Structure formats: structure tokens, C-alpha cells
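Residue numbers for the sequence shown follow the working numbering, beginning at 72 and rising by one. Just so you know, even glycine gets a beta-carbon here, dropped at the ideal spot from N, CA and C. Since we're looking at a predicted model, the values are computed, not measured. Here is the structure we will look at, set down as C-alpha cells.
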Amino acid sequence: MKQKKETNGVKRKLVISFSSILIIPIVLIGFLTYNSSVNSMQAQQEEQVNEIITLMGQNIDETFDLKGRDIDVFAENTRGDQIEEADDELTLIMHQYLHFHEEVEEVFFGSEEGTFLIDAETEVPKDFDPRDQSWYIHAMENPGELIISDPYQTTAVDGGMVVTLSKTLADGSGVAGIDLTIDFVQNMASTVEIGENGYPILLDREGTVIFHPDNEVGTQLEEAFTSSILEQESGVLEYEQDNEDKILVYDSNDHTGWTLAGSIDYSEVKNNAASIIKTLIIVMIVAFLIGAGINAVTIQSILRPINGLKRRAQVISTGDLTEEIKVAKNDEIGQLGNAFNDMQHSLRELISDVEMNAQQVAASAQQLTANADQLTSSSEQVSLAVQEVSSSAENQLDGTEDSLRSLEEVSTGVGRIVESTTSVSDYVDRMNEQANVGGQAVSNTLNQMTSIQSSVEDTNKDIHSLLERSKEVSTILKAITDISEQTNLLALNAAIEAARAGEHGKGFAVVADEVRKLAEQSKTSASEISVIVQGIERDVQNAVEKMKQVTTSVNDGLDVSYDAIDKFGEIIRTGETIKPQMEEVTATSEEMSALVEQVTSTADGLASIARNNAASSEEVAASTEEQLASMQEITAAAKSLSSMAEDLKEKIKVYKY
């Protein structure tokens, strides 16, 4: 019953583990898939709203582009004097334009003189000055550009919302403008459908409502709502209205600066994604059932061999070792089955060995009983022999101790000899090492002296060459001095000839004078260089004498180095002659010391043995009596061991192998 609970426990753990591995990913994937679907649906809804407000913006742009072209025609074909004179042709054109364009409420002009021209059917206060109006001021500040105002409430009877489009005249003498009703924008926005409950929103640059299904035109929405929209040109805003989550997609129109937006309920996004939940749940259930089936097969494939091992273990507990487990796979459980078979095989061998050993123990116990009787009689004879051995051991101990003391004195003397020869040998080794080092140093010195001798000879040659060059320089300087003197004489003769030539020779006289001065300077410089060269010759001559002394010193140093090398060689050869002899003495002394130590150790061992023999003889004599009593106990134990061996053989017969 206990084993069944353990098996069920393993099965329960496997079911829990596999189920967790199956359920957690399925639930997680389902959750992520649903969230992804909601996000995808929201992105699609936002893209649809963005396309709708883009189309609305395009319609608004087309309308304002068309009206902008009408303003261009008025501005290019109207002059300031026509406004001042209220030209009939211009008035007629204005009237016809209003007749054919119902979406335009007014056409008007304002001149730089303050004249305001408008259709005759509209009453204007007498003190009305167009130059004070924003449409006129903005147009004049931006000549040639189309100005579009924010929507405002008209003063007409119907009180609709209009937008003023204005532009400066071509000659800059005034401004042309039209009031365009925004009914077309509101009509267009009212027909736009966004989802089931969504709607478009139009705001001007100040956040004033142009179109909103729940707010009147011209009113302001909540500041927290409009500030977020007006800060950015486009984007997506999530907000709450009437306890419902909503999504607002907005964009700014380039022509008007208006904000075009589309609002949708977040619940529509969830409702669209809800249809996916059913399919997702069905897929999750199918995946769970398939995974559960696979898990059941896997768990069964794990538990089946485990149950087989359990049943086989129960059979083995009864003593049956004849059958083996059949292993079909080589996985971990298959390896466990192989190990179980190996264990069963080992048990069979163990039981066989125990049975064989039990038989041997029984036979040995019988033989031990017979031997115990023989030992009892032998122990009496041993007691007599031990007494005789004890007497001889005492005499042997005295002689051995005398020999040991003599050998210790010999060992001490030999040890001193070994120490002395070792010290002499070490000294010879150090002497050879120092001699080698000294010889190497002298050899290095000899190489350096040889290098110095070569360098001195090269330097001596260079100094002699420098001396010869100095003499050549002196010769050249003498030639320069002679040339300077001749040049001076020639310059003097030239000056005399120039003086004879009178006015015609003045220029030549100046040149001759300069040549004379140059010759004198050359002579002076040559004299100074001659003095310097003579000093160099004296220094070079002194250097030649010094180099001769250095050469002599270097040659003497070479001779001394050669003698030192010879002396170190004699020292090394003497050391090498002594070293083998000292090594032979040391080796002989060490051999003698080893032999003495060996003899001493042997003698010490003999003395120890003698002492042990003496003590042991006494102990053996005392132990003999104890042995006689023990032999009786051994006989009883041998009989008991024989009985136990017979019982063990009976128990082993239970096992089948």
C-alpha cells in the first residue's frame, strides 16, 4: 500500500509539472495574442480616422484654393482709384459674383485712403474704416499672400459663421476680400461617419469649435482637452468623456491652421477584438486537449517501466533472483533498468560467494578445533625453551653494548675527516671559480686594450693627416695674401689712371677704391686665419706627442695583461690537479663513514634485539600460561563458529539463482 502511494505521488507530480508546462504557455500566448489584437484593431481604427480627416482636409484645401484663385483675380484686376470712385463695372462684377457663388456672403474692397466698397445691399456704418480691420492689417503686413482669418460670427441677419479671405491689390493701393460661409465645412463634417459612435471635430487656431456634434459653434472646449491638441500639429490623444474611454486622432490643416480630429469609442476597439476571443479560446482548448493527450502518453511511458521495476523489486524481496528486467529503451529509465539487472547479477554472485565461504568456514572451524589441542601441548615445550633463551640473551646484550661504544668513537673520527676534506674541496672549487672569473676579466681587459690600441693608431693617423691639411691651408693662405697685395697694387694703379681721366674716370675711381678696400680686408682676414692655423698646427703637434705616449702605455698594458692571463692559467691548472685528489679523499672518507655508520647501526640493532629478546623472553614465559587458557577458549569458539556456518548455509538455501 505504501509503494502504491509513492507511485501515485510520482504520477501526481508528473501530471502537475506537465500540466503547468502546457497551461502556462497557452494562457500566456492567449493573453499576448488578445492584447496584440486589441492593439492592432486600435491601430487600424486610428489609421481609418486619419484617412477620414485627411480627406476632410483635402476638401477644405480645394475649397480655399478655389476661392484663393478668385481673390487673385479681384486683386490683379482692381485698382485703388476704382475703389475710391465706386466704379460701376467693379460693382457689377461684385454683384454677379455673389449671385453665382451662394457660399460667399460678401465681396468687398478697402483702399489705403480708407474707402470701403461693398455690395450695395449691405449697410455699412458711415464711420467704418477698413484700415482698422484685421483682414486689412494682416494683408498689408503680408503683401501678395492670401490671408485666411479664423471663423467668426457675421453681422448679417442669419448670423452664420464666416471666414474672411483677403489679399493686397496688385498696385498695393488696397485690399480685396470675401466672406466665405463655413456651412460647407459643417455640412461635410456632419455627413462623416467614424465607426459606430465616432464623430469628427473641427477647431480653429484658438481652439474655438467649428464643428462638434455635442457643442455649439463658436464655443470653447475644456482647456485641458484643447491645450494638448494645440501644442502639437498631429497625434493621438486618449481621454475620458461621460465615463467612457475615447481615442482622438487629430491633424493640423496647413492652409487654415485648423485642427481636424476624429473621435472613436475605445469600446468599439474592444468589441472588434472580442470576436477573436472565441476563436482564441477554441484554439487554446484544442491545444490543451492535444497537449494533455501527449502528456498522458508521455507520463504513461515513464510510469510503465517504473512499475515494472517496482514489481521486480518485490519479487527479489522474496529471494527469487532468476529473472531479469527486459529493457527496451536506452533513456534514463532504461539505464535504471540496466543498473537494476546489474545489481541483481551482483547479488547472485554475492550469495554464491557467501555460500562457498560458509562451507569453507565450517571446514576451517573443525580443523581449528584439532589444531587448538596440538597448540596446548606445544605451549608447554615452548615455556621451557623460553627460559633458556632468556639466559643467553642477557649475556649477548653485554657484549653487544661494548662493541657499540667502540664503533661510535670510530664513527665520530671518520666524520671529522669527511668534514675537513669536504671543506678543502669546497675551497679548491671556489679558488677555481675565482681564477676563472679573474682570467675572464683579464681576457676582457686584453680585448679592450687591443681595441684601444687600434683606436689610438687610427687617431694618430688622423692627427698626422690633420697636420698635413693644416700645412696645406697655410700655403693657400699665403697665396691669398699675395693675391690681395697684387689686387691692392692694381687698384692703386686704376685709381691713378682714373684721376688722369678726369670727370670720365670718376666712376672707375670709385670701383677701384672699393676693390682696394676689399683686397685689404682679404689680406687682413687671411692674416687672422694664418694665426689660427698656426695655433691649430701647434695643438696638432702636441696631440701627436701625446698619442705617442698613449701608444706606449697601451703596449705596456697589453704585456701586463698577457702575463696576468698566464698566471691565472697556472692557478686554474693547479686547482684542477688538486681537485680530483681531494674528491678521491672525500669519497674514500665518505665510504668509510658510511661503513662505520652501517656497522654502528647493525650493532645498535643487535643491542636492541638483544634487549628485546631479554624482555620478550620474560614476557613469553608469562604469556605461555595465558596461551594455555586461551587455547581452551579458542576450542570453544571454533565449535560455535562451526555451528554458525551451518546456520548460514541453511539461510542461503532460500535464494534462487
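So residue i and residue j are in contact, right, with Cβ under 8 Å, and what is the actual spacing, rounded?
i: Leu273; j: Leu331; result: 6 Å
i: Thr235; j: Gly215; result: With a Cβ gap of about 17 Å, Thr235 and Gly215 do not count as contacting.
i: Leu292; j: Thr149; result: At roughly 40 Å, the Cβ-Cβ gap does not stay under 8 Å, so Leu292 and Thr149 are not in contact.
i: Met232; j: Gly289; result: 7 Å
i: Asp250; j: Glu184; result: The pair is not a contact, with the Cβ atoms about 22 Å apart (cut-off 8 Å).
i: Asn324; j: Ile131; result: 6 Å
i: Lys349; j: Val109; result: No, Lys349 and Val109 are not in contact; Cβ-Cβ is about 15 Å, not under 8 Å.
i: Lys317; j: Ser334; result: 5 Å
i: Met259; j: Ile97; result: Not confirmed; about 49 Å, so no contact.
i: Asn412; j: Glu395; result: 5 Å
i: Ala146; j: Lys238; result: 5 Å
I need the boundaries of the alpha helix (DSSP H) containing residue i, first residue and last residue.
i: Ile335; result: Looking at the DSSP string, Ile335 is not in any alpha helix (DSSP H); the run it does join, the beta strand (DSSP E), is Thr330 to Asp336.
i: Glu156; result: Gly151 to Glu156
I'd like the list of long-range same chain contacts for residue i, defined as Cβ closer than 6 Å, with 5 residues on each side in sequence excluded.
i: Leu93; result: Gly362
i: Asn286; result: Val280
i: Arg587; result: Asn559 and Ala562
i: Ala566; result: Ala580 and Ala583
i: Glu641; result: none
i: Tyr321; result: Ile300, Thr330 and Ala332
i: Ala358; result: Ile97
In terms of residue numbering, what span does the beta strand (DSSP E) encompassing residue i cover?
i: Gly215; result: Where Gly215 is concerned, there is no enclosing beta strand (DSSP E), given that its DSSP letter is neither H nor E.
i: Asp254; result: No beta strand (DSSP E) contains Asp254, which is instead part of the alpha helix (DSSP H) from Asp254 to Thr262.
i: Gln63; result: Any question about residue 63 goes unanswered here, given that the chain covers just 72 to 728.
i: Asp275; result: It is not in any beta strand (DSSP E) - Asp275 carries neither H nor E in the DSSP assignment.
i: Ile189; result: Phe187 to Ile189
i: Gly236; result: The identity of residue 236 in the sequence shown is Leu, whereas the question assumes Gly. Counting along the chain, the beta strand (DSSP E) containing Leu236 begins and ends at Met232 to Thr239.
i: Leu319; result: Glu315 to Ser323
i: Ser244; result: Segment: none, Ser244 is in no beta strand (DSSP E) and carries neither H nor E.
i: Leu292; result: Unbroken run through Leu292: none, as it is neither H nor E.
i: Val175; result: Val175 to Ser182
i: Val280; result: Val280 to Phe282
i: Val307; result: Ser305 to Gln312
Grab me the residues of residue i's own chain with a C-beta within less than 7 Å of its C-beta, minus the 5 sequence neighbours each way, in chain order.
i: Thr104; result: Leu351
i: Ser182; result: Gly151, Ile154, Glu155, Ser244 and Gly245
i: Ser593; result: Ile551 and Ser555
i: Ile219; result: Phe135, Val234, Leu236, His326 and Thr327
i: Met72; result: Its pLDDT being 43, under 50, Met72 is placed unreliably in this model, and the value from its coordinates should be taken loosely. So no residue of the chain qualifies.
i: Lys549; result: none
i: Gly139; result: Leu217 and Leu236
i: Lys76; result: Note that Lys76 has pLDDT 47, beneath the 50 cutoff, so the model's placement of it is unreliable and the number below is only indicative. Excluding residues within five positions, none has a Cβ falling inside 7 Å.
Just to confirm my understanding: we take residue i, look at its own chain, exclude 5 residues before and 5 after, and list those with CB closer than 8 Å. What are they?
i: Ile87; result: none
i: Phe255; result: Thr134 and Glu174
i: Ser711; result: none
i: Leu374; result: Thr78, Val81, Lys82 and Leu85
i: Val195; result: Phe187 and Ile189
i: Gln505; result: none
i: Trp329; result: Ile131, Leu273, Leu274, Asp275, Arg276, Ile281 and Ser323
i: Ser90; result: Ala363 and Asn366
* Taking one C-beta from the region 306 to 317 and one from the region 195 to 211 each time, how about it: are there three or more such pairs within less than 8 Å? -> no
* Okay, do the region 111 to 123 and the region 208 to 222 touch, 3+ Cβ pairs below 8 Å being the bar? -> no
* Asked: Hey, is the region 365 to 384 in contact with the region 163 to 173, meaning 3+ C-beta pairs nearer than 8 Å?
  -> no
* When the Cβ atoms of the region 125 to 139 are set against those of the region 258 to 273, are three or more pairs found closer than 8 Å? -> yes
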